[in-house]
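Novice: Those protein sequence lines, which keep their order, are chains A and H. Once you know that position 178 of the first sequence is 178 in the working numbering, the rest is easy, because the numbers rise by one and skip nothing. Here the working numbering runs 256 ahead of the position in the second sequence, where the first position is 1.
2 protein chains.
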Amino acid sequence: MCIQRPLILISNDDGHLAKGINELVGFLREMADIIVVAPDGPRSGMAAAITSQVPVTVSLVSQSPGVDIYKCSGTPVDCIKLALETVVPRKPDMVIGGINHGDNSAVNVHYSGTMGVVIEGCMKSIPSIGFSVCDHDPDLDFAPTRTYVQSIVRQVLERGIPVGTCLNVNFPQYAPYNGVKICRQTIGCWENEWATIPHPRGGGNIHWLTGNFANHEPHSTDTDKWALDNGYISITPIQIDMTAYPLLEKMKNWEF
Amino acid sequence: MCIQRPLILISNDDGHLAKGINELVGFLREMADIIVVAPDGPRSGMAAAITSQVPVTVSLVSQSPGVDIYKCSGTPVDCIKLALETVVPRKPDMVIGGINHGDNSAVNVHYSGTMGVVIEGCMKSIPSIGFSVCDHDPDLDFAPTRTYVQSIVRQVLERGIPVGTCLNVNFPQYAPYNGVKICRQTIGCWENEWATIPHPRGGGNIHWLTGNFANHEPHSTDTDKWALDNGYISITPIQIDMTAYPLLEKMKNWEF
Chain A
1 MCIQRPLILI
11 SNDDGHLAKG
21 INELVGFLRE
31 MADIIVVAPD
41 GPRSGMAAAI
51 TSQVPVTVSL
61 VSQSPGVDIY
71 KCSGTPVDCI
81 KLALETVVPR
91 KPDMVIGGIN
101 HGDNSAVNVH
111 YSGTMGVVIE
121 GCMKSIPSIG
131 FSVCDHDPDL
141 DFAPTRTYVQ
151 SIVRQVLERG
161 IPVGTCLNVN
171 FPQYAPYNGV
181 KICRQTIGCW
191 ENEWATIPHP
201 RGGGNIHWLT
211 GNFANHEPHS
221 TDTDKWALDN
231 GYISITPIQI
241 DMTAYPLLEK
251 MKNWEF
Chain H
257 MCIQRPLILI
267 SNDDGHLAKG
277 INELVGFLRE
287 MADIIVVAPD
297 GPRSGMAAAI
307 TSQVPVTVSL
317 VSQSPGVDIY
327 KCSGTPVDCI
337 KLALETVVPR
347 KPDMVIGGIN
357 HGDNSAVNVH
367 YSGTMGVVIE
377 GCMKSIPSIG
387 FSVCDHDPDL
397 DFAPTRTYVQ
407 SIVRQVLERG
417 IPVGTCLNVN
427 FPQYAPYNGV
437 KICRQTIGCW
447 ENEWATIPHP
457 RGGGNIHWLT
467 GNFANHEPHS
477 TDTDKWALDN
487 GYISITPIQI
497 DMTAYPLLEK
507 MKNWEF
């Protein structure tokens, strides 16, 4: 009997050389064939951006048994779009973004290039997962995430998730973890977002993005931020339909 | 009696010189004070991207009674973040993205820099609206949109919309319009997305983003695509909470 191995398409927003994506490949290569199509350098905070003004390129970096790695000059979403049309031999069984160096919980889902990858996979009706660790250290130890990543990937491959939905998985900064919590997206926003300094050559200021996340519901125990703040791995199921249905019904009474 | 005029913060993804944003200012300057902080050039398809690797700048372009126009070196979302912390004299009563040259209905909400502007305003608890016309012509005639834009802005200022929600308004390519429909986001995705040609200097191919939108539910009359295809202005209420609640409940039975 010959059972085809699953095919997993992987990308990220930290670039193909980042530790997180290469650790992820190591965690999954025993259970699946893997194709990586990742940016040729860092693309953090690129959200679901696409490259519309200039052309993009994709080129093979390395091949080893069951693992092909490509780099792409575009955004994380470009990587998935280009991989699906020009690289993969068949429709992948899964798209994964990560493992990201940094927290993608709460409203970060909107800014994250890693989640851009996942949302694009989801749009193409492929079960898709984003993995992130709440730590920006480029040399982070990803070993504690291994068994959880494998278990989550295996279960999604076996059970499936509904078309139009995907998963945003975040690991706390420090292991050991207290377990896994299925969460909703925390309500909150970033504050004090700019470090402003005079331009070194004069003529005005320059502004660096920084800031701190303000959790508007710190006592809600069902949110992804609460889970992460309390040592749990958060899994936030995400949908690409952003319609606000209650407001839709209400606005039917407005007159234009 | 002195009633303060509303303050509206406007940005876009076509840049501060685009016709659409300047027409919008003309439509609204009688009813509100206006501050424009828009990209210094085209940023189409930038979604909710933020600039994390390099600093950004903002500088005054022009001032006329009730209208200040600034340009910013960053993304559409950077424009709003920077405006709110360093430009506006008080919290704006509204954030508007547009008027965009091009369709932002259906899943385009995820890719659109115009809707990035709107989602950012919404995150900051400011009533926010995106306006787009389904036509990329840089010299487009925006006059048919005028009374609708004014009516929608006035009603949102008066009635308000719930925190965490915003509006994605799209106009059909051709006027006169058949009216306004309150819609949900169409299910579908882009297909045949790449025009591939050999690199003019050899060594491989280059890929230009193109493609066509595949409407997966062309006969559903409650979607924004259906409205636009049938001559109606679509208003799609959008929420920033992307949690997939039905899947959340289902996954509580999974074991990790």
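Ideal Cβ positions, reconstructed from N, Cα and C, are used throughout, including at glycine.
Just to confirm the assignment, what range does the alpha helix (DSSP H) spanning A:Q150 have?
Specialist: Taken as a continuous stretch (DSSP letters only), the alpha helix (DSSP H) holding A:Q150 covers 146 to 159.
Novice: Which whole runs of the alpha helix (DSSP H) in the segment 457 to 489 of chain H are 4 residues long or more, in chain order?
Specialist: Fully enclosed alpha helix (DSSP H) runs of 4 or longer: 480 to 485.
Novice: Just to check my reading of the structure: H:I277 and H:P348 have Cβ atoms closer than 8 Å, yes? What is that Cβ distance to the nearest angstrom?
Specialist: Their Cβ separation, rounded to whole angstroms, is 16 Å, which puts H:I277 and H:P348 out of contact at 8 Å.
Novice: Can we say the segment 171 to 184 of chain A touches the segment 231 to 247 of chain A, given the rule of at least three CB pairs closer than 8 Å?
Specialist: In short, these stretches touch, since the Cβ pair count reaches three.
Novice: What residues match up with A:C72 in a beta bridge as DSSP calls it?
Specialist: A:P39, A:V58.
Novice: Looking at A:P6: is its Cβ nearer than 8 Å to the Cβ of A:M31?
Specialist: Closer than 8 Å, so yes.
Novice: Assign A:L17 to one of three DSSP states: helix, strand, or coil.
Specialist: Coil at A:L17, not helix or strand.
Novice: Among A:G160, A:Q150, A:H219, A:K252, whose alpha-carbon lies nearest the alpha-carbon of A:V331?
Specialist: Residue numbering for chain A in the displayed model covers 1 to 256; residue 331 of chain A lies beyond these limits and cannot be assessed.
Novice: Pairing CB atoms from the segment 120 to 127 of chain A with CB atoms from the segment 140 to 149 of chain A, are three or more of them under 8 Å?
Specialist: The answer is no - the segment 140 to 149 of chain A does not touch the segment 120 to 127 of chain A, with fewer than three Cβ pairs under 8 Å.
Novice: Could you check whether H:I496 and H:V335 sit closer than 8 Å to each other, using their CB atoms as the reference points?
Specialist: One point to set straight first is that residue 335 of chain H is Cys, not Val, in the sequence displayed. No, Cβ-Cβ distance for H:C335 and H:I496 is not below 8 Å.
Novice: Quick check on DSSP: helix, strand or coil for H:P502?
Specialist: Of the three classes helix, strand and coil, the one that applies to H:P502 here is helix, per DSSP.
Novice: Alpha carbon to alpha carbon, how far is A:T57 from A:S73? Give it in angstroms, no decimals.
Specialist: Each residue's Cα considered, the two are about 5 Å apart.
Novice: Give a yes or no on whether the minimum CB-CB distance between H:V363 and chain A is below 8 Å.
Specialist: Output row for H:V363: interface = yes.
Novice: Taking 8 Å as the CB-CB cut-off, is A:D103 touching chain H?
Specialist: No, because no Cβ of chain H sits closer than 8 Å to the Cβ of A:D103.
Novice: For A:M1, collect the residues of the same chain with a Cβ closer than 7 Å to its Cβ; drop the 5 residues on either side in sequence, then sort them by chain order.
Specialist: Reliability of the predicted coordinates at A:M1 is poor, the pLDDT of 47 falling under 50, and the value obtained from them is presented with this limitation in mind. The answer is none, since no qualifying residue turns up.
Novice: Chain H partners of A:P138, CB-CB under 8 Å?
Specialist: By Cβ distance, chain H contributes nothing, its closest Cβ being about 14 Å from A:P138, past 8 Å.
Novice: What residues of chain H sit near A:G26, judged by a beta carbon separation below 8 Å?
Specialist: None at all; the shortest Cβ gap to chain H is about 20 Å.
Novice: So is H:I491 buried or exposed if we call it buried at 16+ other beta carbons inside 10 Å?
Specialist: By the neighbour-count rule (16 or more Cβ atoms within 10 Å), H:I491 is buried.
Novice: On the DSSP bridge list, what partners appear for A:I99?
Specialist: Beta-bridge pairing links A:I99 to no other residue.
Novice: Excluding the 5 residues preceding and the 5 following H:G322 in the sequence, name in chain order all residues of the same chain whose CB lies nearer than 6 Å to its CB.
Specialist: Within the same chain, H:G322 has close Cβ partners R285, D289.
Novice: To the nearest angstrom, how far is the alpha carbon of A:C183 from that of A:T210?
Specialist: Approximately 26 Å, taken between the alpha carbons.
Novice: Mind pulling the chain H residues with CB within less than 9 Å of A:W226?
Specialist: By Cβ distance, chain H contributes nothing, its closest Cβ being about 14 Å from A:W226, past 9 Å.
Novice: Comparing C-alpha positions only, which one of H:V373, H:A339, H:V389 sits nearest to H:N360?
Specialist: Here the closest residue by C-alpha is H:V389.
Novice: Out of A:I187, A:Q4, A:E120, which has the shortest C-alpha to C-alpha gap to H:L419?
Specialist: Checking the displayed sequence, the identity of residue 419 of chain H turns out to be Val instead of Leu. Checked all of A:I187, A:Q4, A:E120; the closest Cα to H:V419 is A:I187.
Novice: Who are the neighbours of H:C445 on chain A, taking C-beta pairs under 7 Å?
Specialist: What H:C445 touches in chain A: M123, K124.
Novice: Between which two residues does the alpha helix (DSSP H) harbouring H:N509 extend?
Specialist: First-last for H:N509: undefined, no H or E at that position.
Novice: Would H:H463 and A:P198 be called neighbours here (beta carbons separated by less than 8 Å)?
Specialist: Taking 8 Å as the Cβ cut-off, H:H463 and A:P198 do not qualify as a contacting pair.
Novice: Using DSSP with H/G/I as helix, E/B as strand and the rest coil, what is H:L265?
Specialist: Reduced to three states, the DSSP call for H:L265 is strand.
Novice: Using 8 Å for Cβ pairs, my map puts A:A106 next to A:K19. What's the rounded Cβ distance?
Specialist: Actually they do not touch by this definition, with Cβ atoms about 24 Å apart.
Novice: Is the shortest distance between the beta-carbon of H:D497 and the beta-carbons of chain A less than 8 Å?
Specialist: Closer than 8 Å: yes.
Novice: Counting only C-beta atoms, is A:R201 closer than 8 Å to chain H at any point?
Specialist: Output row for A:R201: interface = no.
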